[in-house]
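Step one of this worksheet: look at the structure below.
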Amino acid sequence: MTKLLNRRAFKDTRGEAESFRRRAFVGFALILLGLGALVGRYWFLQVRHHDEFALRSVNNSVKPRALPPTRGLIYDRNGVLLADNVPAFRLEVVPDKIQNMNTMLAELGQVVPLDSDDLDAFRKQLKQTRHFDSVPLKMRLSEDDIDRFAVNRWRFPGVDVVPYLTRRYTMGPLFAHVVGYVSRIDANDLDDLDPDVYKGTTHIGRTGVERSYEDMLHGKPGYELDEVNADGRIQRVLSVDPPTPGKNIYLSIDSRIQKAAQDAFEGRPGAAVAIDPRNGQVLAMVSVPTFDPNLFVNGISTADYKSLNTDSDKPLISRALRAAYPPGSTIKPFMALAGLEYGVRRPEDSVVSTGVFYIPGQARGYRDDQRYGAGVVNLYKAIYASVNTYFYKLALDLGIDRVSDFMGSYGFGHPSGVDIPGEVPGILPSRAWKAKHSPKEPSWYPGETVIAGIGQGYWEVTTMQLAHALATFAGRGVPYAPRAVMATADVGKSPLPLANPPSGPSLIKNAKDWEAVNEGMQMVIYSNDPLSTGAGVKLGDGFPYRIAGKSGTAERFSRTSDAYNENKNTAYLAARHRAWFEAFTPAEDPRIAVAVVLEAGAWGAKDAGPIARKILDAWLAAQGGAVPPNRPLPEPMPATSVAPEDTPQSDMPAPDTSSPTPDASSPAPDSSSAGDGTP
Numbered sequence: 024m025t026k027l028l029n030r031r032a033f034k035d036t037r038g039e040a041e042s043f044r045r046r047a048f049v050g051f052a053l054i055l056l057g058l059g060a061l062v063g064r065y066w067f068l069q070v071r072h073h074d075e076f077a078l079r080s081v082n083n084s085v086k087p088r089a090l091p092p093t094r095g096l097i098y099d100r101n102g103v104l105l106a107d108n109v110p111a112f113r114l115e116v117v118p119d120k121i122q123n124m125n126t127m128l129a130e131l132g133q134v135v136p137l138d139s140d141d142l143d144a145f146r147k148q149l150k151q152t153r154h155f156d157s158v159p160l161k162m163r164l165s166e167d168d169i170d171r172f173a174v175n176r177w178r179f180p181g182v183d184v185v186p187y188l189t190r191r192y193t194m195g196p197l198f199a200h201v202v203g204y205v206s207r208i209d210a211n212d213l214d215d216l217d218p219d220v221y222k223g224t225t226h227i228g229r230t231g232v233e234r235s236y237e238d239m240l241h242g243k244p245g246y247e248l249d250e251v252n253a254d255g256r257i258q259r260v261l262s263v264d265p266p267t268p269g270k271n272i273y274l275s276i277d278s279r280i281q282k283a284a285q286d287a288f289e290g291r292p293g294a295a296v297a298i299d300p301r302n303g304q305v306l307a308m309v310s311v312p313t314f315d316p317n318l319f320v321n322g323i324s325t326a327d328y329k330s331l332n333t334d335s336d337k338p339l340i341s342r343a344l345r346a347a348y349p350p351g352s353t354i355k356p357f358m359a360l361a362g363l364e365y366g367v368r369r370p371e372d373s374v375v376s377t378g379v380f381y382i383p384g385q386a387r388g389y390r391d392d393q394r395y396g397a398g399v400v401n402l403y404k405a406i407y408a409s410v411n412t413y414f415y416k417l418a419l420d421l422g423i424d425r426v427s428d429f430m431g432s433y434g435f436g437h438p439s440g441v442d443i444p445g446e447v448p449g450i451l452p453s454r455a456w457k458a459k460h461s462p463k464e465p466s467w468y469p470g471e472t473v474i475a476g477i478g479q480g481y482w483e484v485t486t487m488q489l490a491h492a493l494a495t496f497a498g499r500g501v502p503y504a505p506r507a508v509m510a511t512a513d514v515g516k517s518p519l520p521l522a523n524p525p526s527g528p529s530l531i532k533n534a535k536d537w538e539a540v541n542e543g544m545q546m547v548i549y550s551n552d553p554l555s556t557g558a559g560v561k562l563g564d565g566f567p568y569r570i571a572g573k574s575g576t577a578e579r580f581s582r583t584s585d586a587y588n589e590n591k592n593t594a595y596l597a598a599r600h601r602a603w604f605e606a607f608t609p610a611e612d613p614r615i616a617v618a619v620v621l622e623a624g625a626w627g628a629k630d631a632g633p634i635a636r637k638i639l640d641a642w643l644a645a646q647g648g649a650v651p652p653n654r655p656l657p658e659p660m661p662a663t664s665v666a667p668e669d670t671p672q673s674d675m676p677a678p679d680t681s682s683p684t685p686d687a688s689s690p691a692p693d694s695s696s697a698g699d700g701t702p
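Residue numbers are given in our numbering: position 44 of the sequence shown equals residue 67, and the series is strictly consecutive.
This is how it looks when you write it as structure tokens:
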């Protein structure tokens, strides 16, 4: 009963009210605290950090875009355009806007054709690019490609058609090995390139002048602030910091001479280089066969690259810079000059050529070009008849050390320094070179000196090296580094010549030495002596300038049988020989020096000589045909003894009557020159 009464007791309203007040106070305090935090946060965002968050808000609708610079143009010396920029369109993808890349590519490929080369290049660059940067997917869209994509664009957010300028080589294969080409920047390039300089740029110079003058041609990028919508489409341009275009470049090469030189080869593998001796400017540089550089600009197809790379004639190799051959008799004028400059020979000094030369104390013989010899030979006849015996003995008298030192001063054995990349150094025979490359047999032997004297043995030179050496000689010994670029120009301004001062004083000590060798080289062209290597070729006929020249027919293989002497078939000889010819004109005051090599030519004068003449003809036409006064060719100085004038001679080398096995003091193979006579 008591328990029932306690349950019916009155409520404690005062206590409940007090409890409510406490709870209300706590709740109100919490509300005030939350309101204070809200006000504080509002002040933090709207007052203290207003500028920062206002900028972030603007950035949600403003997108910076890199503006790649316009690549500089390339012209020949007369202003003929060689490398142009033409409008084109490409597909670009922003990776962070793509949910499933593989699905998107598969669906896009049904709208715009994407081959395996496009996809491989895209995936490779995708790995090296930030996800919010655009990545090129397909270059050079056709009008049909653009139309099909425009209809289906809504299906592919993050993919867009972008206009750009692409490189076009207007003369295609004619300047492929000189101008070179640009190609797409790939993943391997990104580690080496400055991202600030190449922001937005998709191509870079790969070969030739495009590569060596990349810094001048590229320019500097600019930037643009665009207002974009939610889809990333540009609504308006807010501000522009324009890019700085690359400089235009003017080559020293004349496209008319270049074309004449290439046509003269008639598709036969070889190379030709023409240089102005007065300043080192390259007037022509040809490598045959060649290729179309436009194939590489936006990514060469696998099939095209395989075709070029597997071609037996190797059209991708610049034979003027990267192919080195034995120079044969083209070095004989330099050997003759060395003899004069060292005081070992005078122009009138003579030797007797019997057809075979023997090193004193040795049984092995070294052949002359003339089977029965050329009789008594002085410097002039040694040059115009290309008499090996004269140069065998001269090389022995000079010694290999003086020979290598002298030849090295004219640029043999190291790159010429031409402003086109990829040049090989060649080989200049010397004790040091052999010791480095033949550690098992480092000793130098007299037999190696003998064959080095006629441009055989270890010798290897490029066409550019020989042209450079010849231009140095033609310029009376004043050396200039070869230059293919002669001027640059900012857009809208006149070209400014690039300085190319002489790289040193004249290499010739006595002007009469130069004149003597020059006269001997003129006799190669004009002498009526049947022994002259130019006899019957008539390379000087009808040309108003006096020409000085020298042929070279370098053997590719040692003679191991009598087949060489017995076989006069031109195709057989061409397969065994490299045919060279070097020339400069006017002989009195040279303005052009030319070196030509045919990889397969029976004789230097007969096969390579006409190519050199056509280059000179083109040069003459480019000058307007103006000619300087001619001067008569002096008669050669007589030898110190009289030789029979009715000595029988042959254009084939004399049979080797000496022991076929070289002795210990002369282990070099019998690789004497095939000579320069014409059949």
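We treat Cβ as the ideally placed atom computed from N, Cα and C, and that holds for glycine.
Per DSSP, Glu-578 lies in no alpha helix (DSSP H) segment; the continuous beta strand (DSSP E) that holds it begins and ends at 571-578. Here the alpha carbon of Trp-467 sits roughly 49 angstroms from the alpha carbon of Ala-210. Ranked by Cα distance from Pro-633, the first of Ala-645, Ala-610, Arg-94, Ala-606 is Ala-606.
About 17 angstroms separates the beta carbon of Ser-235 from that of Asp-99, a gap too long to meet the 8 angstroms contact definition.
Lys-637 and Leu-530 have their C-alpha atoms spaced approximately 30 angstroms apart. Contact between the stretch 490-497 and the stretch 400-407 is absent: fewer than three C-beta pairs spanning the two stretches fall below 8 angstroms.
As DSSP reads the structure, Tyr-348 sits in a beta bridge with Val-484. Around the beta carbon of Gln-258, a 10 Å sphere encloses fewer than 16 other beta carbons of the protein chains shown; the residue is thus reported as exposed. For Ser-278, no beta strand (DSSP E) segment is defined; the enclosing uninterrupted segment is the alpha helix (DSSP H) at 278-288. Fully enclosed beta strand (DSSP E) runs of no fewer than 3 residues occupy 508-512 of the stretch 492-534, in order along the chain. Per the coordinates, the alpha-carbon of Arg-163 lies some 28 angstroms from the alpha-carbon of Pro-444.
For a cut-off of 8 angstroms, the C-beta gap from Arg-113 to Pro-159 is around 5 angstroms, short enough to register as a contact. In the three-state scheme derived from DSSP, where H, G and I count as helix and E and B as strand, Ile-474 is classed as helix. In terms of Cβ geometry, Leu-96 and Asp-107 form a close pair [threshold 8 angstroms].
The beta carbon of Gly-431 sits closer than 7 angstroms to those of Leu-451, all from its chain and outside the five residues before and after it, given in chain order. For the options Phe-319, Phe-172, Gly-470, Asp-392, the alpha carbon positioned closest to that of Gln-385 is the one of Gly-470. Straight-line measurement puts the Cα of Gln-281 at about 45 angstroms from the Cα of Ala-173. Here Met-544 carries a helix assignment [DSSP, helix/strand/coil]. Relative to Arg-345, the option among Asn-551, Ser-157, Val-201 whose CA is nearest is Val-201. Restricting attention to Ala-522, Thr-556, Ile-54, Val-367, the CA atom closest to the CA of Gln-393 is found in Thr-556.
The DSSP-derived three-state label of Pro-196 is helix. For Glu-130, the enclosing alpha helix (DSSP H) starts and ends at 124-132. DSSP, read as helix, strand or coil, puts Val-426 in helix.
Rounded to whole angstroms, the gap between the alpha carbons of Arg-499 and Ile-615 is 13 angstroms. Bounds of the alpha helix (DSSP H) holding His-460 are 454-460. In terms of CA proximity to Val-135, Lys-161 leads the group His-154, Gly-543, Lys-161. Scanning the stretch 368-392 for uninterrupted beta strand (DSSP E) segments of 3 residues or longer gives 374-376, 379-381, 388-390, listed from N- to C-terminal end. Here the alpha carbons of Ile-272 and Pro-524 stand approximately 19 angstroms from one another. Contact between Tyr-348 and Val-620 holds: their C-beta atoms lie close to 6 angstroms from each other, under 8 angstroms. Per DSSP, reduced to three states, the secondary structure at Gly-63 is helical.
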